[in-house]
Amino acid sequence: MKVIVFGATGTVGRLAVESLLDAGHVVTAFARKPERLEKQHPDLLRHAGDAMVYADVAKAVSDQDAVVVVLGAGAQRKSLIRSQGTLNVIRAMQARGPKRLIVQSTLGARESWNTLNFWWKHVMFGALLAPVFRDHELQEQLVEASGLDWTIVRPSAFTDAATDHPVIEDVPSTARGLDLKITRKALAGFLTRQVGDLTYLHRAVGLSS
Numbered sequence: 001m002k003v004i005v006f007g008a009t010g011t012v013g014r015l016a017v018e019s020l021l022d023a024g025h026v027v028t029a030f031a032r033k034p035e036r037l038e039k040q041h042p043d044l045l046r047h048a049g050d051a052m053v054y055a056d057v058a059k060a061v062s063d064q065d066a067v068v069v070v071l072g073a074g075a076q077r078k079s080l081i082r083s084q085g086t087l088n089v090i091r092a093m094q095a096r097g098p099k100r101l102i103v104q105s106t107l108g109a110r111e112s113w114n115t116l117n118f119w120w121k122h123v124m125f126g127a128l129l130a131p132v133f134r135d136h137e138l139q140e141q142l143v144e145a146s147g148l149d150w151t152i153v154r155p156s157a158f159t160d161a162a163t164d165h166p167v168i169e170d171v172p173s174t175a176r177g178l179d180l181k182i183t184r185k186a187l188a189g190f191l192t193r194q195v196g197d198l199t200y201l202h203r204a205v206g207l208s209s
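Residue numbers (UniProt numbering): 1 to 209.
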């Protein structure tokens, strides 16, 4: 399949690109500076653009079969890139044909709030990352109202551990006492599987260890 990754040069995006290529997909890496992606592969294409600019997004999604959104803004905590960038992706997909949309959000969003511990509820998402959290919640609302074939993936906190811990997939809203960690590699693999697997169609799926 032809798959485009928005946010392809981020820490998750890079691994998602590699995982999708390993799975045999033709991958377009969309980023403002896609040349920062060092990966070389005959099935890897680079598309320079800004997810906040609709015209850039619309041009990029034409002729794609599926779209993976892993947008982030690094240290810019007040950025609206997640919601507004995703809205541009949705509008472009509605206008230009591809229907399969996989979007990375965060565990704790909306009905998964009570899966978090005190630290994440009141220190991280309650204060330090409050704008990021609100942006993810708006992002999810936009995806659910899109009419597309969407899946929202809600990972817990990212790590770069060399060994993957067992991942709890489809974390129930009643879950408590979670480790609240997942490796970026495991997340990238899960995102890749969603491209051709409709098990979680029109679902928001929590991931944690």
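Just so you know, even glycine gets a beta-carbon here, dropped at the ideal spot from N, CA and C.
Check your understanding: Would the beta-carbon of Arg184 fall within 8 Å of that of Leu107?
Key -> no
Practice item. Starting from the C-beta of Thr159, find all residues in its chain whose C-beta is less than 8 Å away, skip the five residues before and the five after it, and write them out in chain order. Key: Lys181, Ile182, Thr183, Arg184
Point to revise | Residues of its chain near Leu20, where Cβ-Cβ distance is below 6 Å and the 5 sequence neighbours each way are ignored | key: Hits under 6 Å: Val3, Val27, Thr192.
Exercise for review: May I ask you to list the residues that DSSP assigns as paired with Gln104?
Suggested key: In the DSSP output, where bridge partners are listed per residue, Gln104 has Val153.
Check your understanding: If Ala66 and Met1 are in contact, beta carbons under 8 Å, what's the gap, nearest whole angstrom?
Key -> 6 Å
Review point. Val70 and Val143 look like a contact to me (Cβ under 8 Å); what is the Cβ gap, rounded to whole Å?
Key: Between Val143 and Val70 the Cβ distance is about 13 Å, and since that is not below 8 Å, they are no contact.
Practice item. Please determine, among Thr151, Arg110, Asp43, the residue with the shortest C-alpha to C-alpha distance to Gln104. Key: Thr151
Check your understanding: With Ala29 and Leu44 assumed to form a contact (beta carbons below 8 Å), what rounded beta-carbon distance in angstroms separates them?
Key -> 7 Å
Review point. Using the beta-carbon count (16 or more within 10 Å), is Val53 buried or exposed?
Key: exposed
Review point. Residues bridged to His47 by DSSP?
Key: Answer by DSSP bridge pairing, in chain order: Phe30.
**Study point:** Continuous alpha helix (DSSP H) stretch holding Lys59: start and end
**Key:** 54 to 61
Review point. Can you tell me whether Arg36 is buried or exposed, with buried defined as 16 or more other CB within 10 angstroms of its CB?
Key: Arg36 is exposed by the Cβ-count criterion.
Check your understanding: Could you give the distance in angstroms between the alpha-carbon of Leu148 and the alpha-carbon of Leu187?
Key -> 22 Å
Practice item. Just grab the DSSP bridge partners of Lys2 for me. Key: Val26
Exercise for review: Count the other CB atoms, across all protein chains shown, that sit within 10 Å of the CB of Pro172; report buried if there are 16 or more and exposed otherwise.
Suggested key: exposed
Exercise for review: Please work out which residues of its chain come closer than 6 Å, Cβ to Cβ, to His41, disregarding the five sequence neighbours upstream and downstream, and give them in chain order.
Suggested key: Leu21
**Study point:** Residues near Ser83 in its chain [Cβ-Cβ closer than 7 Å; skip 5 each side]
**Key:** Excluding sequence neighbours, Ser83 sits near Asp135, Leu138, Gln139, Leu142.
Exercise for review: Please classify Ala66: does DSSP put it in a helix, a strand, or coil?
Suggested key: strand
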